[in-house]
Amino acid sequence: MVIKMINDNQLLEVRRVSKVFTVGGLIRKRKLIAVDDLSFSLPCDKPIVFTLAGESGSGKTTTALLILGFLKPTSGEILYKNENIWKLSKEKWRAYRCEVQAIFQDPYSAFNPFYRVEHTLMTPIKKLKLANSKTKVYDLIYKALGMVDLRPEILNKYPHQLSGGEKQRVMIARALISRPKLVVADEPVSMIDASLKAEILNLILNVKDKHGISFIYISHDLSTAYYISDKIAIMHLGSIVEEGNVRKIIEDPLHPYTKLLISSIPIPDPKYRWEKFSVPIFIENRYELLGVKGCKFYWRCPKKMNKCLNEKPKIIDVESDRKVACHLYGDNRK
Amino acid sequence: MKDMPSFLKREGPLLIIKKLRAGYVTRNGVIKAVNNVSFGVSHGELLGIVGESGCGKSTLALAIMRLLNPPGFIKNGQVLFKGIDLLKLKKEELRRIRWKHISYIPQSSMNALNPVLNIEKQMMDVILTHKRGISKKELKEKILTSLHRVGLSSEIIKMYPHELSGGMRQRVIIALATVLNPELIIADEPTTALDVVTQKEVLQLLTYIKHKSKSSIILITHDMGIHAEISERLLVMYAGKIVEAGDVVDIFNEPLHPYTQMLISAIPSIKRKKGLLSIPGLPPDLRTLPSGCYFHPRCPHLIHGKCDIKKPKPIRVKQNRIVWCHLYGD
Amino acid sequence: MVKRLLKVLRNWGFLFENKKFLIGIVILCSVWIVSSIGQFMTSYLLNKRFALELPPSVEHPLGTDTLGKDILAQLFIGTNTTLRIMFIAGILGISIGMLVGFITGYYKRATSSVLMSITDIFLVVPSLPLLILISSYVKVMDELTIALFLSIFNWAWPARVIRAQVLSLKERSFVLISKLSGLNDIEIILREIAPNMLSFLGVNFMTATAGAALAEIGIELLGLGLRHTYTLGTILYWAMYSAAVVKGKWWWWCPPVLMLILIFTSLFLIHTGLDEISNPRLREKG
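Protein chains in written order, with our numbering: chain V, -14 to 319; chain E, -3 to 326; chain C, 6 to 291.
Written as structure tokens, this is what we have:
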């Protein structure tokens, strides 16, 4: 069954979601705020590639796990087609599982080395009850292989007999078998060779256009994000600091963190070399997450003000398709 | 081997690799990871080596340092450091050169620090192993100087590796590698697993150290962006062989070898919104290499009867520019 | 049916490429086959009594014991019984170990910590003295009981190591992907994680079996074992009881000892061979 839409507006909405982990042993417990009051949404009228970009520790993988329903938010809601995913009936949950799929970073550990490729593709069909006759099952499998440009001969092979690129394509086929509307891709090309990255990225774009599937692309690599996405959200320590059209944000970043990120990317063109400098300047993150009342980027920010220490900047619209959370812009300037 | 003969002038190359062959023995044949590689490194230059996984660049670094353990082996060739063939030295003599004259930053070296020793003890260890007869005061001075040079404060000497962040650990490794002011530093993927901001800091640090101490650096990484930013000269490796060599700016402006051309157009960049092209096919298995030019099965400019039969010889296209490709030959 | 069997054999053929595993299996199987045939041929002898304490001769290659029973016949049946008990105890041990290991490795709830504490208790408590204590209370001892008895302790170590392995395998992407494909927890444990641990489980099975064997021999040497059937341990017990060593009757105590050495050596070889196989560094890449 397909989840019917009540409100024709948003495919996925993450509404003020926070996720707090308690780490440490019996005696010393510490709170780790992985995701902090996060909100964003994906439209359902047309398929987009929405990138969640950030360094390790920014909370992007935790967000992926929250969206996929593997983690429960400490506060806030995740709404798929306007229904809270944690309040779905069993049937609707299965439909959610079919419509929201994922691919992960490591094609090498993503396969169970014990089974052939066929098993990987057969399992979702059987478990999600996508087909009931043998012909229909293979129909689905061949269609999925076709979507990713793989031949049926690959079904009989073991994972160790495939190349990294082929493995990743099988993963994508597996994700597409249930005809999802949304695929969460967590660093899908970071472990793939440079000359083969394009293959997978182009495949994602192809699938988006031909089959109308939206992607949430999670990566720390802004160059690939620039190539593939429509919208981007920059995450820093669990919150979104800047969000909007990818071209605008990368070509003209507003938030100081975004600026720092973009200026640090090595550009494969000697025309744009980093400026020479004389003495290395290093600024270490030297603050506790807990007890920071203001902006989390305060210590590393070149434009910090007194206000930033005590008041958290709210995320506001600065242009038609641009949001920033910084006291330098918009109403925050007061 | 205490004093270098004075006739080894500084103009000559610091390091000359001649026809080096190294590989690994496996049950299904020999993996020819470094296949007849020859090149030179001058004093004070930053040479980059680029290639994808499995092209042999890490094996090359290990071979130069003679750190290749079985099933790895060096078949033949010469590694001339200031005129002395490192491959022919005895273990004791080699140890005197290592670290003091050539140092090595291995892959994922952030994990190379001994977790049970604090930073001070580890640095003392390294220095004392390679430089005898040094007073305690001088030792401490050396440690603090090298740590400050990489931007770390004195308080970290009593800390343990797990208390430092990845970026800080990497900087400790660089401090270790440069503490005895070696003339040559070989860095193998020094910034993987670092976030992009720390990566820039570490890379700029390397260029700063090179500038200050006039040492040469061999920087090995698959990331063309890094080479475009800091490398001066570049070697492109494919399937164990060098296919193109030259100045970085030159190679990017006018890549000659088809592999280099395709590699550059496969890289996503925020300064260019063109379509990305991937290279069809896969790199060859280094145990069963194709005949002739190793790239010919994937080359769009394949010349039948030539590229699939004859191995290309190095062709000097102009000063400082060499390419191994039949398109530029006779 | 035959085709499927051949397919399975072909898939598992790589096991036999490992020399240690192969030799170990060969020795163990030979021991089992020889003693089975021997038992079949000579078991009737044990109902008869011959002359007491005879040295080796043509009719009695290993002589007779103090009750006039043929020792070679005892050896055959004893070996078989010991093997049976050992392996049953091993299977029981690994099964409990797997159950506890999978549950505590996969789930991070309160039950896990409780189970882990219980496991630790069983690991730390000295097993042999306790087994001796318990056995002196149990009146009826047959093969199955003694096997059950031996498995009281031999599951704890496998449980611990299986838990560690499950903990690490659980973090691999294929578990997440299995969840995405709709598998529930039990299916993931049994169909995805366990098959990846097969050689590892095999190694632990050997450990559990060898441990059970040692405990068995230990108990029987002290005379607390089975009274009415023969095992290698009981043969040795009676030999010691009758001071066979002092009296120089090597034909009574040497053969069981040699047999035990053979069995333990084969177990060790199989164990080491499986260990080598499950070490991914030594695996061949396709």
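Think of the CB as a built atom: it goes at the ideal place given N, C-alpha and C, for glycine as much as any other residue.
query	result
Hey, quick one: how far does the beta strand (DSSP E) through E116(E) stretch, first residue to last?	Not the beta strand (DSSP E): E116(E) falls in the alpha helix (DSSP H), residues I115 to H126.
At the 7 angstroms Cβ level, is F35(E) part of the contact set with chain V, yes or no?	no
Taking C-alpha atoms, which residue in P173(V), L245(V), A19(V) and Q(-5)(V) lies nearest to G223(V)?	A19(V)
Kindly list the residues whose CB is nearer than 6 angstroms to the CB of N159(C), restricted to its own chain and excluding five residues on each side of it in sequence; keep chain order.	G98, A213, G216 and A217
Going by beta carbon distance, what residues of the same chain come within less than 6 angstroms of I101(C), once the five residues before and after it are set aside?	W160
Do you know offhand how far G52(E)'s Cα is from A218(V)'s?	38 angstroms
Using three-state DSSP, classify H221(V) as helix, strand or coil.	strand
Let me see if you follow: with CB-CB separation under 7 angstroms, is K267(E) close to chain V or not?	yes
Using a C-beta to C-beta distance shorter than 8 angstroms, which residues of chain V count as neighbours of Q195(E)?	S249 and P251
May I ask you to list, following chain order, the residues of the segment 71 to 99 of chain V that have a beta carbon less than 8 angstroms from some beta carbon of chain A?	In the displayed structure, chain A is absent; the protein chains listed are V, E and C.
Between F293(C) and M264(C), what straight-line distance do the alpha-carbon atoms span, to the nearest angstrom?	No statement about residue 293(C) is possible, as the shown extent of chain C runs from 6 to 291 and does not include it.
At what residues does the alpha helix (DSSP H) containing E103(V) begin and finish?	V102 to K112
Could you tell me whether the Cβ of P144(V) comes closer than 7 angstroms to any Cβ of chain E?	no
Are the beta-carbon atoms belonging to P241(V) and K195(V) less than 7 angstroms from one another?	no
Taking Y202(V) and V231(V) to be in contact with their CB atoms under 8 angstroms, please state how far apart those CB atoms are, rounded to whole angstroms.	Actually they do not touch by this definition, with Cβ atoms about 10 angstroms apart.
Closer than 7 angstroms, Cβ to any Cβ of chain V: which residues of the segment 50 to 80 of chain C, in chain order?	none
Does DSSP classify V251(C) as helix, strand or coil?	coil
Which value, in whole angstroms, describes the spacing of the CA atoms of E273(V) and H322(E)?	Confidence at E273(V) is low in this model, with a pLDDT of 43, below 50, so its placement is unreliable and the value that follows should be read with caution. Whole-angstrom Cα-Cα distance: 60 angstroms.
Return yes when the Cβ of S249(V) is within less than 7 angstroms of the Cβ of S178(C), no when it is not.	no
Output the boundary residues of the beta strand (DSSP E) element that contains E240(E).	K237 to D243
Mind checking A169(C): buried by the 16 CB within 10 Å criterion, or exposed?	exposed
List, in order along the chain, the chain C residues whose C-beta lies closer than 8 angstroms to that of P109(V)?	L185, S186 and G187
Using a beta-carbon distance cut-off of less than 7 angstroms, what residues from the segment 189 to 215 of chain V approach chain E?	H205, L207, S208, T209, Y211 and Y212
Checking the sheet assignment: what are the DSSP bridge partners for F35(V)?	I201(V) and K216(V)
Starting from the beta carbon of F179(C), find every residue of chain V whose beta carbon is closer than 8 angstroms, and list them in chain order.	S94, A95, F96 and N97
Are the CB atoms of D75(C) and T84(C) within a distance shorter than 7 angstroms?	no
Following the continuous alpha helix (DSSP H) through Q166(E), name the residue where it begins and the one where it ends.	G162 to T174
Here's the rule I'm using: 16 or more other beta-carbon atoms within 10 Å means buried, otherwise exposed. How should A34(C) be labelled?	Position check: residue 34(C) holds Cys in this sequence, whereas Ala was assumed. That one is exposed.
What is the DSSP secondary structure of A179(V), reduced to helix, strand or coil?	helix
Which value, in whole angstroms, describes the spacing of the CA atoms of E84(V) and F55(V)?	15 angstroms
Determine the closest residue to V244(E) out of N24(E), K78(E), I45(E) and Q103(E), with distance taken between C-alpha atoms.	I45(E)
I want to see whether chain C comes within less than 7 angstroms of L181(V), judged by CB atoms only; does it?	no
Can you give the Cα-Cα distance for T48(V) and S3(V), rounded to whole angstroms?	9 angstroms
What are the partner residues of V119(C), as DSSP defines its beta bridges?	Partner(s): none; V119(C) has no beta bridge.
Give the residues of chain E in contact with E172(V), contact being defined as C-beta atoms less than 7 angstroms apart.	Ordered by position in chain E, no residue passes the 7 angstroms Cβ test against E172(V), which lies about 13 angstroms from the chain.
Roughly how far, in whole angstroms, is the beta-carbon of L219(C) from the beta-carbon of G238(C), given that I think they are within contact range, below 8 angstroms?	That pair is no contact at about 10 angstroms.
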